[in-house]
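Asks: So that we are looking at the same thing, I have put the structure below in structure tokens.
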């Protein structure tokens with residue numbers, strides 16, 4: 035058994051992860067200020083992808099070094115290091131594993147739209163167990179969502195800085211049930227994503243068809259109309275997840291996720307009574323590759 | 035000439051409008067807390083439209099009474115009083131006129147999603163001249179966007195409470211130009227709205243077609259592909275406008291606006307260098323009815 039099954043261990047690790055997410059957020063705010071200064075000097079728009087990529091790499095390095103200094107025997111999976119081909123051997127192993135997305139919502143960050151988050155997740159036996167999601171640009175002090183997924187755990191929201199009060203999540207606890215006619219009446223979150231091909235099989239075609247179906251009146255679109263209460267696209271699946279975990283949204287749909295996109299968010303969602311389901315049959319799942327789920331996270 | 039053409043008058047009025055927006059925001063936060071308590075007691079979901087309607091009416095009353103006590107000779111147009119049929123005679127007159135949307139983003143408020151704003155606008159000669167938009171649930175202290183549209187005016191953002199520091203808007207000033215291949219590379223904001231009919235002429239069909247065109251690769255959709263950098267739907271056209279005014283978004287598209295939806299947002303947008311254009315030819319405009327524009331607010 036891992037030594038990380040006691041609640042005291044998890045509380046210490048959760049506190050470490052929250053502080054680390056705030057530290058990374060401070061780096062991101064400072065980096066944004068540097069980018070703004072540079073954009074003003076050069077009179078160019080901020081959408082230099084290179085600058086953001088370098089922030090991505092630097093934040094992942096900051097988090098990785100801090101984690102391995104504190105927990106040298108843990109595995110670490112990050113978006114950047116995975117992309118660089120180093121870390122495939124760790125994917126979804128059973129030992130204590132940190133799974134990190136240094137910047138979720140990169141397009142938003144390029145445009146200074148505040149739905150950008152640092153996502154630090156921790157798994158044991160492939161189960162998301164601790165999550166810390168920090169949105170450094172949301173509110174004057176940033177917004178921190180975190181959870182320990184454990185019978186004696188909890189989930190919390192902080193919007194007044196590290197010394198400010200915590201709000202237990204979900205905001206209404208226990209969460210009321212979904213409307214009886216769901217998805218009718220639900221607040222639905224979905225993202226348009228990067229695949230923009232105009233072809234019948236593209237992610238864009240599938241997603242946009244789903245969005246229009248969800249929006250349409252009951253009985254419309256050949257019976258597929260969902261009449262959701264509203265459709266929201268924030269540009270960050272991590273932020274979608276924490277809003278649902280908070281009870282501020284009901285359903286989200288995402289296709290083509292990777293571990294680092296979802297680990298911290300799932301830990302928070304699981305602890306607040308949310309569920310995550312695959313849209314594909316279980317026998318399609320290849321646990322050594324990217325998670326092939328079109329995850330539908332909604333309340334029980 | 036109105037007495038409200040001096041910058042000193044406008045500064046006093048702007049300060050009054052900002053304080054009033056914060057006062058209304060405090061009411062809305064307290065009201066939300068009451069609704070949460072009631073929902074926990076009854077174990078029902080918060081989506082009772084009646085409760086929100088009553089908050090809408092109460093906040094409009096609070097703002098109207100404060101405005102008319104301070105400025106008894108001004109006209110006042112509010113969504114609620116207009117809907118009740120009282121105020122049509124004031125629509126778009128030339129005198130000093132307050133135009134108020136007590137709650138923009140009602141569906142969000144029902145679901146506790148924080149993109150909800152109080153919008154207080156002030157027009158002279160039908161020109162949006164002062165705007166105060168307060169989002170009471172966004173950040174621990176709420177988020178206040180405001181502007182005086184005047185050569186000696188300005189636009190500001192506050193996220194640390196009434197005594198906290200102000201950030202001049204736009205965040206990058208002057209705003210860099212739009213990308214040369216716009217809408218490619220832009221962050222696009224659009225809302226799905228309430229008309230969900232599955233018919234060729236419905237607002238849903240027109241809007242969703244536009245959204246998919248904007249998202250699709252260049253050359254796709256019969257040449258209509260816009261390859262925007264991202265599509266965002268927040269559920270509040272007022273919040274869309276203040277993000278664009280801040281330089282955190284580039285383009286928004288809205289159909290079927292009413293004066294109270296846009297007055298404060300336009301004042302802020304105009305002062306920060308944004309433009310608002312009609313998608314219909316000018317000779318279609320009927321200035322006594324609802325503004326028939328599909329406004330496209332973007333940067334010069």
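Protein chains in written order, with the working numbering: chain A, 35 to 334; chain B, 35 to 334. Even for Gly, the Cβ is constructed at its ideal location relative to N, Cα and C. In this text, all values refer to a predicted model and were calculated from it rather than measured experimentally.
1. Quick check: the Cα distance between residue 53 of chain A and residue 169 of chain A, rounded to an integer number of angstroms?
2. Going along the chain, which residues of the region 246-258 of chain B sit with their C-beta nearer than 7 Å to a C-beta in chain A?
3. Rounding to the nearest angstrom, what Cα-Cα distance links residue 151 of chain A and residue 258 of chain B in this structure?
4. Who are the Cβ neighbours of residue 162 of chain B in its own chain at under 6 Å, not counting the five residues just before and after it?
5. Report the neighbours of residue 194 of chain B on chain A: residues whose CB is nearer than 8 Å to its CB, in chain order.
6. So, is the C-beta of residue 286 of chain A closer than 7 Å to a C-beta in chain B?
7. Closest to residue 112 of chain A by C-alpha separation, out of A:100, A:128 and A:134, would be which residue?
8. By the three-class DSSP mapping on this structure, what secondary structure does residue 229 of chain B have?
9. Rounding to the nearest angstrom, what Cα-Cα distance links residue 47 of chain A and residue 129 of chain A in this structure?
10. Would you check if the region 240-251 of chain B and the region 223-243 of chain A touch, i.e. whether three or more CB-CB distances between them fall below 8 Å?
11. Using the C-alpha atoms, what's the distance from residue 275 of chain B back to residue 303 of chain B?
12. Can you round the beta-carbon distance between residue 187 of chain A and residue 44 of chain A to whole angstroms, since I take them to be within the 8 Å contact cut?
13. Using only the alpha-carbon positions, how far apart do residue 106 of chain A and residue 178 of chain B sit?
14. Which one of B:228, B:98, B:67 and B:70 has the shortest CA to CA distance from residue 336 of chain B?
15. Taking Cβ-Cβ distances shorter than 7 Å, what residues in chain B pair up with residue 232 of chain A?
16. In chain order, which alpha helix (DSSP H) runs of at least 4 residues are fully inside the region 127-179 of chain A?
17. Note down, in chain order, every chain B residue with its Cβ under 8 Å from the Cβ of residue 282 of chain A.
18. Is residue 220 of chain A closer than 7 Å to residue 285 of chain A when the C-beta atoms are compared?
19. Would you kindly check if the distance between the Cβ of residue 68 of chain A and the Cβ of residue 267 of chain B is under 7 Å?
20. Please return the same chain residues whose Cβ sits closer than 8 Å to the Cβ of residue 79 of chain B, not counting the five positions on each side in sequence.
21. Verify whether the separation of the beta carbon atoms of residue 141 of chain A and residue 256 of chain B is less than 7 Å.
22. List the DSSP bridge partners of residue 73 of chain B.
23. Look at residue 272 of chain A and residue 153 of chain A and say whether their C-beta atoms are less than 7 Å apart.
24. Leaving out five residues on either side along the sequence, give the residues of the same chain with a beta carbon under 6 Å from the beta carbon of residue 262 of chain A.
25. Can you pull the DSSP bridge partners for residue 243 of chain B?
26. Could you work out which residues of chain A lie near residue 205 of chain B, taking near to mean beta carbons separated by less than 8 Å?
27. Helix, strand or coil for residue 216 of chain B? Go by DSSP, reduced to three states.
28. Since residue 204 of chain A contacts residue 280 of chain A with CB under 8 Å, what's their CB separation in whole angstroms?
29. Residues of chain B with a CB under 9 Å from the CB of residue 141 of chain A: which are they?
30. Rounded to a whole number of angstroms, what is the C-alpha to C-alpha distance between residue 309 of chain A and residue 158 of chain A?
31. Any residues in the region 265-280 of chain B with a beta carbon nearer than 7 Å to a beta carbon of chain A? Which ones, in chain order?
32. How many angstroms separate the CA atom of residue 410 of chain B from the CA atom of residue 254 of chain A?
33. Could you give the distance in angstroms between the alpha-carbon of residue 238 of chain A and the alpha-carbon of residue 232 of chain B?
Replies: On the basis of the data shown:
1. 13 Å
2. 246, 249, 250, 251, 254 and 255
3. 32 Å
4. 155, 297, 300 and 301
5. 174
6. no
7. Per the Cα distances, A:134.
8. coil
9. In this structure, the straight-line span from the alpha carbon of residue 47 of chain A to that of residue 129 of chain A is close to 15 Å.
10. yes
11. Those two C-alpha atoms are separated by around 7 Å.
12. 7 Å
13. Looking at the two C-alpha atoms, the distance is approximately 45 Å.
14. Residue 336 of chain B is absent from the structure shown; chain B starts at 35 and stops at 334.
15. At a C-beta separation below 7 Å, residue 232 of chain A has these neighbours in chain B: 250, 251, 254, 255 and 259.
16. 140-144
17. 145, 146, 147 and 148
18. Residue 285 of chain A is a Cβ neighbour of residue 220 of chain A, given a cutoff of 7 Å.
19. No. Outside cutoff.
20. Its pLDDT being 47, under 50, residue 79 of chain B is placed unreliably in this model, and the coordinates cannot settle the point.
21. Contact flag unset, no.
22. Per DSSP, none; premise fails for residue 73 of chain B.
23. Taking 7 Å as the Cβ cut-off, residue 272 of chain A and residue 153 of chain A qualify as a contacting pair.
24. 217, 220, 222 and 248
25. Residue 243 of chain B pairs with nothing; no bridge assigned.
26. 70 and 146
27. coil
28. 6 Å
29. 221, 263 and 264
30. 18 Å
31. 265, 266, 267, 268, 269 and 277
32. Outside the displayed span of chain B (35 to 334) sits residue 410 of chain B, for which this structure offers no information.
33. 20 Å
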